[in-house]
Each structure stands twice: as C-alpha cells, then as structure tokens.
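Take 510 as the starting number for the sequence shown in the numbering used here and just add one per residue.
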Amino acid sequence: MSQTPHADPALRVSFLRTEYLVNPLGLDAERPRLSWRLDADGRGAVQTAWQILVASSEDALTARDGDLWDSGIVESAETAQVPYGGRAVAPRQRAWWAVRVWDGNGIASAWSDPAFWERGFGALTDWQGNWIGLPGIAPDASIPEAAELDALLPVSYFRQAFAVAGEVVRARLTVTARGVYEARLNGAKVGDQVLAPGWTDYDRRIQVQTFDVTAAIVAGENAIGAMVATGWYAGYVGFEPGARHYGTVPQLLAQLEIELADGTRQVIATDGAWRASAGPIRYSDFLMGEYHDARLDTPGWDAPGFDDRAWGGVQVHNRNAVPLVGDSSEPVRTLDEIAPIARTQPEPGTWIFDLGQNIAGWARLKATGPAGTTIRLRFAEILNPDGTLYITNLRSARATDTFILAGTGEEVFEPHFSWHGFRYVEVTGYPGEPGVEAVTAVFVGSDTRQVGSFTCSDELVNQLQRNIVWGQRDNFLSIPTDCPQRDERLGWLGDAQVFVGTAVGNMDVAAFFTKWMQDVVDAQSEAGVFPDVAPRLVDLAEGAPAWADCGVIVPWTIWQTYGDTAIIQRHWPAMERYLDWLVTTNPNLLWQQGRHNDFGDWLSIAADTDKELIGTAYMAYDARLMAEMAEAIGREHEAGRYRRLHEDIAAAFCAAYVREDGTIAGETQTAYVLALHVHLLPVDLRPIAAKHLVDDIAAKGDHLSTGFVGVSYLCHVLTAHGYPEVAYRLLHQTTFPSWKYSILHGATTIWERWDGWTEEKGFQDPGMNSFNHYSLGSVGEWLRRRVAGIDNAPGETGFRHLRIAPVLDDSLAWAEGTYESIRGLIRSRWERSADGLTLAVTVPANVTAEVVLPGAALDMVREGGVPVAEADGVTGAWDEEGNTIVTVGSGDYAFTAA
Ligand code: BGC
C-alpha cells in the first residue's frame, strides 16, 4: 500500500454531453442521458457523489435554481449515462444544466460550465407544412448522360420570401428532405452540414435537422430557400442500375419558427405558396457526379428582393405516417482540405493531380476562362502504368463532375450533392495550364471526434494504423459504408461487425452506431432476421452468417466501450427475435438452414472455411454475447438460458466438426480462430487447436489465409493462446498476402482484398476491387488492446476499471496508444532498452487500473524512481506467470523494470 499519503486532488468537471452530443438541438429524447468528464491533478482522484441542476433558463442556472431538476447530492461514482430525472422538458424548450461532484474527501468541485439540450418539436402533428417538389421534374434531355441515366434529375430550387414585423428573439429552422438538401436564409447557407438529412430507410423514419437561425433573420424582408437533390432517396446508390430506391421526386419539408420580442410567433412552413425552379445544377448525384452550368446561375435567388416571376409553383406531396425523428448523431461535414502533392500531364490537355492520400469527398476547382468553357473532373484511386486514371473498378459510378464557366473572372466550383472516393483528380478542358493550386481536395464524412492513436517504432505499422484510420474516416459517412468510390456505398453488416471493435478505438462512434443500430433494426425482416445491409435496399436479402450477427455484436460492443446499457434495453426484443429465428430454423443447433447469401469467410486467400461451420460458430457467439448482455440489464433468467444455449451449440459444433486429435473440419485458420474465439472447444483441445492454427500459418510461410471474418480475431486468438510472436510475425509480414504488402505497394487506405493488386497478376477483377474498404483493417483493435495494452479489466465495461497489459515483442522497441474513453484520457507507452522496460501510464480521474509489467519481478520494478512499495498510490503484486501487476488509481505513472 502507498507509504506516503497522496495529495488531495481537486476534481474539475468539463465536457458535458447529452445523449453523447454537445449541446444538441432538436433532441427527441424525453429523458436524455447526461455524461461529463473529470480531471484532477495528482493521483487517486475519485468521485463519490454528484449533483445535477437543470434549469429552464441560463439565468436560473447561474442563480443555481434547478427549476426543472435539482438532483440533490447523489452518492455515486457514475459520470456517464446518468438519466435526466426532472420535470418534463416540453417540445422546443431548452434545458440548461450543470453538474458538480464530490471527491474522496467529501470536497465539492466547482460547478461545471453550463451546457444545454433543446428538444425538437416532436410529433408529426406539429408540422404545419407539407413536402414540396418541383412539378414535372425530368432529366435534362440536352445532357446526354442525363438522358441515358434517367435518375439524373436537375437540382430543385425552392424559395419563399417573408416579412418579419419586429425584433427576432428566437428562430429555429427544422428541415429535412426526401433527397438531400442545402438550406439557405438571406443569401447564406444554414449550418455547416453537407448531405443532410443523412441516410435512413425513408419508408421507416426520416431524420430532421434543427438549426438556430436567430441571427440570420432580420426585421423586415427575408427569404428562405433550399436546394434539393436526389441523394439516397431517388439517386444512384448501390449496384447498377440502382436508383429511385424510395421515390422519384426529391422533396423538401421545412418549418421556420420565429419568435419576436413582443411575443408574436410566426411560422413559415413549406406549402403551396412556395416558388420552385430548376437551376444551374443540371444534376448532382452521389455516384455519377455533378453538372453545373454557371451561365445559368441566378445570384440572389436565396435572398429577399429576388425577382422569381420566372419560377413556378410547387407540387405539394402530402405527409404520410413515416416518423420524422431528430438527428441524433454527428452530421456529415467537410472535415479537412488537402492540397495536391503533384501534378502530371499524361496526355496533352489531361492534367492529373495527386493528393498523396485516398480520400472520400470532392475537389474544389478554381478556373478563369471564357463563358461556355467546359471543364471535366474525373476521379480514381489508382493510376494505370501509363499515368492515366484507372477507373474500371468504379463499375457504373461515373464519378465525373462537369463545370461550365460563366466567364465572370475567377470562378470556384465544388459539387453540392455528390461525393467520390479518390486519390487522383483528372482535369480536362481547363482553359490554359492549371497551377497546382487550381485543385483542392475536400474531405467529407461523419464528424466523429478522433479519440485514439497508436504509434510504434516501426514506420510501416504506423502507416498501417494511418490506413486503418483513413479507411474508417473515408467510409463512415452517415452510415458505415463499405467503400466510397464504386456504385455501392452500402452499410454492409459483416464489414461493420468485424470492424466495430477497431472503430471505437479511433473515433467517438457512440452516437454514430446508436443511430445506425436503429437502421439495422428497421431492416430486420418479418421473420426476425437482421439484413445484409442497413438501410436495406429493396433487392438485398436477409442476412448471412457473420453479417446478420452484427445486430447482436454492435450493441454488445457499444455497451462494452461506453458502459451503455440503454442500447441493449432498446434492442433486446429485436435481438431475441433474431436468436429465436436462428434456433427455430436450426433446431439441431448447426446453422444449416437460412444462410441466405452465405458469404462465408469473405475474400479469404486460398482457404475455404466451411460455411455451415462459420454460421454455427456465430450462432454460438450470439448466444454468448446475449448471456452477457442479459446479465447487464438484469435479466438473470435469460442470461442462464443463453449460457446454456452457448454450451449446447458448442457441443453440437464439436460433434459435427471437431475430431479427437483437435483438428477441425477443413483445417483452415478461420475455423480454428472461430472455434477458439467463441469458446467452442473443451479446455484440453484448446492448446491443440491453437497449435494447428500456428502450424498452418507456418506452413504458409508465416502468412494468413483469413478473409473478413477470420482476420478480425486472428491476432487476438494467437495472443490469448500463447503465440503473440506469431501475431507479430503476421503483422510484420511484407510478402503477399499481408497488410504490409499493400503498404509497400502504395496503399494509403485498407484494400478490400489481399490481392487487390499483386506483382504476379496486377489488378484483381475490377468487378469487385476497392482500394478503400475498412474491413481487413480490423487488426487495429489488436494494436490498441494488446500491443498498446489499453483495455477494460476483465468483466468490466466503459473503461471504469482498466487493465493495461501490453504484449511486447522483440520486433518493436516501443509502442504508444492513447484512448480518450468516455471517462477520460488513457495512455500507455512502453519502451525497451538495454536498461530494461519503461512503461508510462495515464489513468483518468475516478478510474482505477491494474497495470501488468510483463516478465518483471516485483522487486525490480520502480515507479517514479522508487520501489513500488514506496510509490505514491501504487500497490504491487507478483503473479504466477512471473509478471508484476500493480494496482493504481488515476494519475500519471512512470514504471521501470530492470
Ligand atoms: C461489399 C462488401 C460486403 C460484401 C458481401 C461487397 O460487394 O463491398 O464489403 O460485405 O459485398 O459479400
């Protein structure tokens, strides 16, 4: 135990969040969950109680008058997911809140800075307007590609002028589209989102955004406008010829509510009085690109005083019963700008700009030239050997932006409702020679906060980590898409489930996956089967093994990561229905019936794992996770039932596929990985199976053969069963197939397939060859949890009690991981030198950790230069395996072991 009493660290409270979001507007939740972060200097800080005040005004909060809720002092260490317990907050009302906490000595912190949430206006009946569309909207026959691809509709423009009779004290615009929209007020864009309202199944629910537009509205004349394009609703998404998945006419629904100083309320809602027109954007489609003829621009169309006599009326489409729900996750935004690193001219007049990074987004183009000059931009991830664009792998996605100059001097273009996946931008038709500054790449995605990092002494592994993070950032756009470049961009459940454990370590994806899990449940079939893709597109089937199971794995992972049991509660019935379907359809507990698209260990390399075996392993995995989740929400009876189900499936699995010598049918790496990861083997067979796995890797020359499914647990299983050095060998492998092979051949993202390009064969079949798929990057979870060693302690969730246990290897001199958990920043950095091992650890306030110093005898371990026994706030012990395990509270620690 500590010899010197540690200083008494005062707690500071910050980063207040409501339902994972900072100061959200338009929130639906009536009892939102509140979270905060604690900081403290010194060691061993704990929270013993909290008090939350919620007030109906900022003034009341400042006066410490919790007129909506004064929780009183609640003895609790909890800092996350505390449910609001006060009076009902009315639709449109803003609730201000602050929190203070007490430390281990009963000393109160200062009150936090104020935060708020504001409710949306709720029920469908509160909407006063209707959907409006452009009457007679049809492809522009003068543009050949629009005539040919008949979902390439002109962008619809809507406007409404209105007068405001006095000083505005509050104004909110609540808006959405069947399609994608950009809202405008008095000549300026509203908010900073792009591609709103985001993707949901538009037949099941449509998200709405709420903006505070108080400052944008003036006394006197005003105008509101919006541009609406086809987007996910009516444009091209998914495979050829996939368009018009939900409807044919893009439509706008908006309600602007204004309150004046004299108490008057004014509502402007989309209705038959609005004006509409097509405009300069002759089409703007996700897959096909944008066509913008600037000669047709009508500046001022979104401002008062515009002469809209040439515009027509709107077509009013009645509202149906589809719920309109407040947007509950981070919006899609432009996240960064990237300047090209090189410009080439492979053919006269064809300019290619290289960004040095494969991204999702678009290019901003600057040009000066005569009116009518047509400049064309095309996009690719890769170049042909002759330096021209390789676009065959885009399939039917034309990914072509066309800009026609108005001849007004320097003109700047960027598409509004299209995005591409690319590293290279080809420019043709440019007037003269474009300077390298003519093109800027704009990176676009869901604005999830970066929370993790991983670095180490091996530069190729660092590049792998960067590729994993880019793969995530490029593909998390409203939903977890599979790839940003070709005609697909679907929310494949298999991809998402293998990667979610990695994703949570890179970005704060709590709200993102909470939203998408609703899409998954919306797509569950009548029979109870989760789908292959969510939102489910018409032609895609019920889910296959390892795809459908995402519906159980995602809630489990969100609970593990954020301590969030609400996601389990909310989806428990859906998950139970799925398990019931599985077991009823396969009463012998082998997944033989209903494997639907049956993808197997998708894109494995020369190793076909039996698909029934994969399914059965996943069925057992589901049962195990269900048992854990049942316990977390107090369903003891179900927990027991699912535990027995897991055992029964394991027995069926062994009887069907496992031989006495510990070999498993098919003898593939994935078969062994699944059997071990899912705990399907009796204890005595586990080391034998692990040895078979290791032997197979060795027989393949230290190569993996796993696809999407097997690779996600491969390194974990090797590490857990005593072969970390084999996992490291796979990590460092540079010959095909391996992660480093792609990096040595120029990858800046994770490739869809191990053999996307090989020295022997060149490019894989362009029918399915993306260079920006995140799935095979699922090794990121192992880097964080095992190499850096940042993890929950066994049986714990939400990073309340940590286990920092890095797994060292001679191949790395040092490694460092950081992770800003829901309870604060965790850091683990180890380094080996001739003098021994150093391990620097940061534990957030109010969190405890057991820190494992591998292979170090307790009497050789020092912290801050003194023996563990003398160190402040540190308790040490030695385990049977010869490691030192110390227990610490919050703070920074510097361990050394000679
Ligand atoms: C997608 C995947 C997906 C797979 C299903 C592909 O077209 O890009 O990532 O999981 O189909 O087999």
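Every residue, glycine too, gets a C-beta built ideally from N, C-alpha and C. Treat the numbers as computed from the prediction; the structure is a model and nothing was measured.
Minimum Cα-Cα distance from SER1287 among the listed residues ASN976, LEU577, GLU1329 corresponds to ASN976. Annotation for SER1284 indicates a beta carbon within 7 Å of some heavy atom of the ligand BGC. The Cβ neighbour count for ARG804, taken over all protein chains shown within 10 Å, is under 16; the residue is labelled exposed. Looking at the DSSP output, LYS698 sits in a beta bridge with ARG693.
In the three-state scheme derived from DSSP, where H, G and I count as helix and E and B as strand, TYR800 is classed as strand. When secondary structure is reduced to three states using DSSP, ALA672 falls in the strand class. Here the C-alpha atom of ALA1358 lies approximately 54 Å from the C-alpha atom of ARG828. With a 10 Å radius around the Cβ and a threshold of 16 neighbouring Cβ atoms, LYS1120 comes out buried. DSSP places TYR1166 in the uninterrupted alpha helix (DSSP H) bounded by 1145-1166. The Cβ atoms of VAL758 and LEU844 do not sit closer than 8 Å to each other. Assigned with DSSP and collapsed to three states, PHE1404 falls in strand. The three-state secondary structure of PRO857, taken from DSSP, is coil.
Boundaries of the beta strand (DSSP E) harbouring CYS965: 961-965, taken from the DSSP string. Judged by pairs of C-beta atoms under 8 Å, the stretch 575-586 does not touch the stretch 538-553, as fewer than three such pairs exist.
Per DSSP, HIS1241 is one residue of the alpha helix (DSSP H) stretching across 1233-1241. For ASP845, the uninterrupted beta strand (DSSP E) run begins and ends at 841-847, by DSSP. For the set LEU796, ALA782, ILE715, THR723, the Cα lying nearest the Cα of GLU749 is the one of LEU796.
In the DSSP annotation of this structure, the continuous segment of the alpha helix (DSSP H) that includes THR1179 starts and ends at 1178-1186. Assignment of GLY835 by DSSP, reduced to helix, strand and coil, places it in the strand class.
The DSSP assignment places complete beta strand (DSSP E) segments of no fewer than 3 residues inside the stretch 1348-1394 at 1357-1362, 1370-1372, 1383-1387, in order along the chain.
GLY1103 is positioned such that its CB atom lies no closer than 8 Å to that of ARG546. LEU1285 and ALA1032 have their alpha carbons spaced roughly 25 Å apart. The beta carbon of GLU1085 sits no closer than 7 Å to any heavy atom of the ligand BGC. Across the set THR1070, ALA770, ALA787, the C-alpha of ALA787 shows the shortest separation from the C-alpha of GLN760. Residue state for GLY822 is assigned as coil, using DSSP reduced to three classes. Per DSSP, reduced to three states, the secondary structure at GLY1175 is coil, with no helix or strand assignment. Rounded to the nearest whole angstrom, the C-alpha separation of ARG852 and PHE912 is 20 Å. For the pair LEU892 and ALA872, the CB atoms are not nearer than the 8 Å cut-off.
The beta carbon of VAL1187 sits closer than 6 Å to those of ALA1126, ALA1129, TYR1130, all from its chain and outside the five residues before and after it, given in chain order.
If you look at TRP1248, you'll find it isn't in any beta strand (DSSP E); it sits in the alpha helix (DSSP H) that goes 1248-1253. Residues THR1228, VAL1316 of the same chain have their beta carbon placed closer than 6 Å to that of ARG1295, with the five preceding and five following residues left out of the count. Remark: C-beta atoms of VAL722 and THR685 do not approach each other more closely than 8 Å. Within the model, the alpha-carbon separation for VAL1038 versus GLN1078 is close to 19 Å. Taking the CA atoms as reference points, ARG687 sits about 8 Å from ILE715.
Going by C-alpha positions, THR1179 is about 14 Å away from PRO1054. DSSP places ASN614 in the coil class of the three-state scheme, outside both helix and strand.
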